[in-house]
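Colleague: Quick one: this structure, given as structure tokens, is what I'll be asking you about.
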Amino acid sequence: MKGRFERYGNELGKLVDNKQKAYGDSITKTGKILHSFLADYDVGDGNYLIPKKLIDHLGLLVRIIDKQNRIISNPEGDLMGETPYKDIAGYGLLGSLLIGGEKE
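Here our numbering is used: the first residue of the sequence shown is 1, the next is one more, and so on.
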């Protein structure tokens with residue numbers, strides 16, 4: 001009989017396998033995209049010097065890139081039944097109101 005943690009680990013592993021199949025390797029792709037976006041801030045010693053305000057945007061940008069990866073990985077439709085375009089639109093609203101300075 002499997003222990004509680006082993007069962008949970010197996011369930012979690014199945015979930016990750018299913019998401020990797022549905023979305024592709026979004027983590028690696030997102031990292032490459034961020035390196036490209038941040039190239040102007042590369043100080044040449046393996047580090048980046050970014051404006052403090054950019055940190056506010058990075059969380060939303062990562063989420064948007066993740067949703068774009070879902071579309072690219074499965075152009076016939078999201079395999080997890082989600083709607084990435086609505087999510088992207090929602091992140092646009094959040095960015096406008098929370099980061100962009102628009103008033104409600």
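Using N, Cα and C, we set each Cβ at its ideal position, and we do this for glycine too. The model shown is predicted, which means the values in this text are computed figures rather than measured ones.
Kindly identify the DSSP beta-bridge partner or partners of D42.
Modeller: Per DSSP, Y48.
Colleague: Out of S73, T30, I99 and G3, point me to the one whose CA is closest to K52's CA.
Modeller: Nearest C-alpha to K52: I99.
Colleague: Please report the distance separating the alpha-carbon of G44 from that of L38.
Modeller: About 12 Å.
Colleague: Between the C-alpha atoms of L54 and H35, what's the straight-line distance to the nearest angstrom?
Modeller: If I take the Cα positions, the gap works out to 14 Å.
Colleague: If we ignore side chains and look at the alpha-carbon of each, how far apart do S26 and Q20 end up?
Modeller: Roughly 8 Å between the two C-alpha positions.
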